[in-house]
Amino acid sequence: MKNLVFLTGAGISAESGIKTFRDSNGLWEEYDVMEVASIEGWHKNPKLVLSFYNQRRRQLAACQPNRAHQILAELEDQYRVHIVTQNVDDLHERAGSRHVLHLHGELTKACSTENPNEVLDIGYKDLNWGDLCSKGKQLRPFIVWFGEMVPALEEAIEIVSRADLLCIIGTSLNVYPAAGLYRYAPAKAPIWLIDPAPADSLPR
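Written out as structure tokens, the structure is:
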């Protein structure tokens, strides 16, 4: 059974109503990235950051997986399928995909500011200032922000290195280190790029 690996980004969820960050009218035009998606922004104004992710969580609760999510889930009937996603939404899982690795965290989870390994499933509820972990420390969104390491990177590299076919869907390939993952695919593995405005070639 062939091993299919998909690298997905914001573009695959756009049709479900999830705003992308880099497109026209995207989230970056409404917010300063460093204020809401960096560790510095969290230290400067955690209440703003919490509010931003509460808004995104409410939006996600109202969205549904689209046909692209469903197709990837259906492929599990014939292939071994692994999805490595830059997205923090849960639409792949809600479509039925069973092997999804989130590089940048998950919107429906929170973690302790003291121990990032203490992770709680909060679903689509708001996360507020004063919500504490078991050790009495503030909870924060379970999101990998700019300025932080990507804990799942090594696992992602291992998954890509075993691909019989690698398919990249809906990502600008501008955010590193995720953008360089395709380089770890075996030399014999075809690489497909699916995007409304695909690049002429993959970045070197």
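Counting along the sequence shown from 1, when you hit position 184 you're at 185 in the working numbering, and nothing is skipped either side. From the three backbone atoms N, C-alpha and C, an ideal C-beta is built for every residue, glycine too.
Coarse secondary structure for residue i, derived from DSSP in three states
i           : result
residue 52  : helix
residue 184 : helix
residue 142 : strand
residue 1   : Since the first and last residues shown for the chain are 2 and 205, residue 1 lies out of range.
residue 174 : coil
residue 192 : strand
residue 39  : strand
residue 19  : coil
Burial state of residue i, where buried means 16 or more other Cβ atoms lie within 10 Å
i           : result
residue 193 : exposed
residue 99  : exposed
residue 41  : exposed
residue 164 : buried
residue 57  : buried
residue 162 : exposed
residue 31  : exposed
residue 101 : buried
residue 74  : buried
residue 83  : buried
residue 44  : exposed
Residue i Cβ short of 6 Å to the ligand HEM heavy atom set
i          : result
residue 69 : The ligand HEM is not part of the structure shown, which contains no ligands of any sort.
Rounded C-alpha distance that separates residue i from residue j
i           : j           : result
residue 128 : residue 10  : 25 Å
residue 36  : residue 135 : 27 Å
residue 53  : residue 121 : 19 Å
residue 115 : residue 142 : 13 Å
residue 8   : residue 110 : 21 Å
residue 172 : residue 158 : 17 Å
residue 185 : residue 85  : 13 Å
residue 145 : residue 104 : 8 Å
residue 78  : residue 160 : 19 Å
residue 176 : residue 2   : 32 Å
residue 196 : residue 130 : 39 Å
Integer Cβ distance of residue i from residue j, believed to fall under 8 Å
i           : j           : result
residue 80  : residue 154 : About 24 Å; that fails the 8 Å criterion.
residue 17  : residue 65  : 6 Å
residue 132 : residue 19  : No, residue 132 and residue 19 are not in contact; Cβ-Cβ is about 24 Å, not under 8 Å.
residue 13  : residue 170 : 5 Å
Curious, which full-length beta strand (DSSP E) runs of at least 3 residues does the stretch 65-96 contain? 81-86
Output the residue ranges of the beta strand (DSSP E) runs that lie fully inside the stretch 96-132 and measure 3 residues or longer, sorted by chain position. 101-103, 106-113 and 120-122
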